[in-house]
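Notes to accompany the following structure.
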Amino acid sequence: MTGPLFSFEHVSVGDDSRWRLRDVVVELPDCGITTIVGPSGSGKSTLLRCCNRLEALREGVVRYRGVDVMTIDPLVLRRRVGMVFQRPTPFAGTGRDNLRVADPNISDARAAELLQVVKLDPSFLDRDATRLSGGEAQRLCLARSLAARPDVLLMDEVTSSVDPPTRIALEELAHSCARSDVRVLWVTHDFDQARRIADHIVVVLAGRVAHSAPAGELEAAAPPDVLAFLEEARGGE
Amino acid sequence: MASDIGWWGLAASAVLVAVAVALSMLRQLRLERSIVWSSARAAVQLLLVGVALDVLLDAGVAWSWAWVVGMVVFAADTVHRRAPEVPGVTVLALGAFAAAAVVTLAVLFGLDVFPLEPRTLIPLAGMMIGNAMTSTVLVARRVLEELRDKRDEVEARLALGLASADAAKPYVRAALRTALIPQIETTKSVGLVFLPGAMTGLILAGADPFDAVRVQIAVMYLVLGSVATTVTVVGLGAQRRLFTTDHRLVVPSRPAD
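Chains as they are written, first to last, in the numbering used here: chain A, 216 to 452; chain B, 33 to 289.
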């Protein structure tokens, strides 16, 4: 049995005026896709950003495969733990220019291969990245993250601003990443989506981890506030 | 003969302030008090400076250097008041003005472009600092706004494992260009669109136009060099202060309206 991918040991983020995470204790398993689900503003994105040190901890320790992330060079950590953001963030220049930010020596063959992975044709290498549609730009951003050859992908509400076909494509891509041994941490407020793609689900409520369980056993030992959230999430559909 | 404005001439020129006040009243701009206050303040400030210069120009050059230091401190404080959101901007501006002073004054006096004496040191340093101050405020604000507006892109670059300086480079470059371009445009159009202050002053004071032009060209290069130096120092310094040592962006949020 392998150890956890990430473990959070009494992690707090924020200050007395507002704690975005408070005394979080959780282990994220080193397998497949883990979804982090919760209402807007509950702290799920903050939890994700602790994994690649884009967020500063006020208290506690985050470990990546057993190693305190504070002891890992952040530039090295972020190449191992890639991230795709909620809003597509294409950089100025062509698709190729974007991929070169992640890997300055990337060959055209490898670049085209990455575009193929995210279901974009090779012509996107020469297209102006800032003129792509939201869905195309988000796929390019995923290809860009994959260009750094990460071991883990953090995906922060990546389908919230794309059309349904792109949403389905991104979900399939998360599965294909997981199959190729890239672990995926997927943040979403959409419980149906969380259930659809997850091997493991973490529920975040009001800045704390309220529950963490394999997807098939989520309700079995869920505390009342989590059950209430799940009920509300289903009712909102 | 050179124009020599007496007290009567000075008072007569104030008629033009009355014109500005009249226009403000006519168009109901409600700027009459501001116009009168700023005109009076400028007159008092310049008269005081005139008295101080009268004393300084006859004193030793050491006193002139003290005056220059005073100007640098005042300019750095002005930058702080006009770009308060940029962390540590006062120290940055002090460093930038000091760097610009070393570079530009060393060239002008070290290469004997001008003789080092109070009559040259004070006005040249004044022009250098005055112009650099405006550009410094502009670049400090632009770096902050660029990094704040493009926060998502900057963090996406950081998330790819780029160091903060590399992640910020395109945005800081845009800010530096924004701050430098007005000075370059001014330099380009000088003489065609407007006659600059130093040259106008010299001609009004009766100097030979070609002497005035030579002085003006040297002054323009002084200003361009000092603006480039201060903009670069403050721009890169502001960028460093908006990231942590572990490459996180820490731009303060936009203040609420």
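Using N, Cα and C, we set each Cβ at its ideal position, and we do this for glycine too.
All values derive from a computational prediction rather than experimental measurement.
Item, Value
"Between the Cα of residue 101 (chain B) and those of B:129, B:118, B:78, spot the shortest distance and give me the residue it belongs to.", "B:129"
"Does the beta-carbon of residue 345 (chain A) have 16 or more other beta-carbons within 10 angstroms, so that it is buried, or is it exposed?", "exposed"
"Got a sec: is the Cβ-Cβ distance from residue 271 (chain A) to anything in chain B below 9 Å?", "yes"
"Does the stretch 291-301 of chain A touch the stretch 223-235 of chain A, meaning 3 or more C-beta pairs lie closer than 8 Å?", "no"
"Cα separation between residue 406 (chain A) and residue 442 (chain A)?", "12 Å"
"Are the CB atoms of residue 255 (chain B) and residue 211 (chain B) nearer to each other than 9 Å?", "no"
"Residue 56 (chain B) to residue 70 (chain B), Cα distance in whole Å?", "14 Å"
"Does the contact criterion of 3 or more C-beta pairs under 8 Å hold for the stretch 342-357 of chain A versus the stretch 306-325 of chain A?", "yes"
"Are the beta-carbon atoms of residue 290 (chain A) and residue 193 (chain B) separated by less than 9 Å?", "yes"
"DSSP beta-bridge partners for residue 275 (chain B)?", "B:281"
"By DSSP, does residue 124 (chain B) sit in helix, in strand, or in coil?", "helix"
"Please identify the residue among B:133, B:265, B:279, B:98 whose C-alpha is closest to the C-alpha of residue 207 (chain B).", "B:265"
"Does the CB of residue 356 (chain A) have a neighbour CB from chain B at under 9 Å?", "yes"
"With a threshold of 8 Å, are at least 3 pairs of Cβ atoms found where one atom belongs to the stretch 135-155 of chain B and the other to the stretch 83-97 of chain B?", "yes"
"Three-state secondary structure (DSSP) at residue 255 (chain A)?", "coil"
"Suppose the cutoff is 6 Å on Cβ atoms and the five residues either side in sequence are ignored; what does the same chain contact list for residue 398 (chain A) look like?", "220, 367"
"Scan the stretch 195-213 of chain B for residues whose Cβ lies nearer than 8 Å to a Cβ of chain D and list them as they occur along the chain.", "Given the protein chain composition of this structure (A and B), no chain D is represented."
"At a Cβ threshold of 9 Å, is residue 320 (chain A) touching chain B?", "no"
"Taking residue 269 (chain A) as the reference, give the member of A:256, A:284, A:257 with the closest Cα.", "A:284"
"Can the beta-carbon of residue 335 (chain A) be found closer than 9 Å to that of residue 354 (chain A)?", "yes"
"If the cut is a Cβ gap below 7 Å, which residues of chain A does residue 274 (chain B) touch?", "Simply none; closest approach about 14 Å."
"Beta-carbon of residue 302 (chain A) versus every beta-carbon of chain B: anything under 9 Å?", "yes"
"Heavy atom of the ligand ZN less than 8 Å from the Cβ of residue 187 (chain B), yes or no?", "Only the bare structure without any ligand can be found here, which leaves the ligand ZN out of the picture."
"What residues of chain B sit near residue 316 (chain A), judged by a beta carbon separation below 8 Å?", "189, 192, 194"
"In whole angstroms, what separates the C-alpha of residue 160 (chain B) from that of residue 106 (chain B)?", "14 Å"
"Checking contacts by CB at 9 Å: is residue 343 (chain A) closer than that to chain B?", "no"
"When burial is assigned at 16 or more other CB atoms within 10 Å of the CB, is residue 253 (chain A) buried or exposed?", "buried"
"In angstroms with no decimal places, state the Cα-to-Cα distance between residue 413 (chain A) and residue 249 (chain A).", "5 Å"
"I'd like the list of long-range same chain contacts for residue 238 (chain A), defined as Cβ closer than 7 Å, with 5 residues on each side in sequence excluded.", "225, 227, 423"
"Three or more beta-carbon pairs under 8 Å between the stretch 161-180 of chain B and the stretch 114-133 of chain B, yes or no?", "yes"
"Using the beta-carbon count (16 or more within 10 Å), is residue 87 (chain B) buried or exposed?", "exposed"
"Flag residue 306 (chain A) as yes if its beta-carbon sits less than 9 Å from any beta-carbon of chain B, otherwise no.", "yes"
"Would you check if the distance between the CB atom of residue 258 (chain A) and the CB atom of residue 419 (chain A) is smaller than 9 Å?", "yes"
"Any beta carbon from chain B within less than 9 Å of residue 290 (chain A)'s own beta carbon?", "yes"
"To the nearest angstrom, how far is the alpha carbon of residue 236 (chain B) from that of residue 140 (chain B)?", "24 Å"
"Roughly how many whole angstroms lie between the Cα atoms of residue 33 (chain B) and residue 60 (chain B)?", "Bear in mind that a pLDDT of 43 at residue 33 (chain B), under 50, signals an unreliable position, so the number given afterwards is only what the model happens to contain. Roughly 42 Å between the two C-alpha positions."
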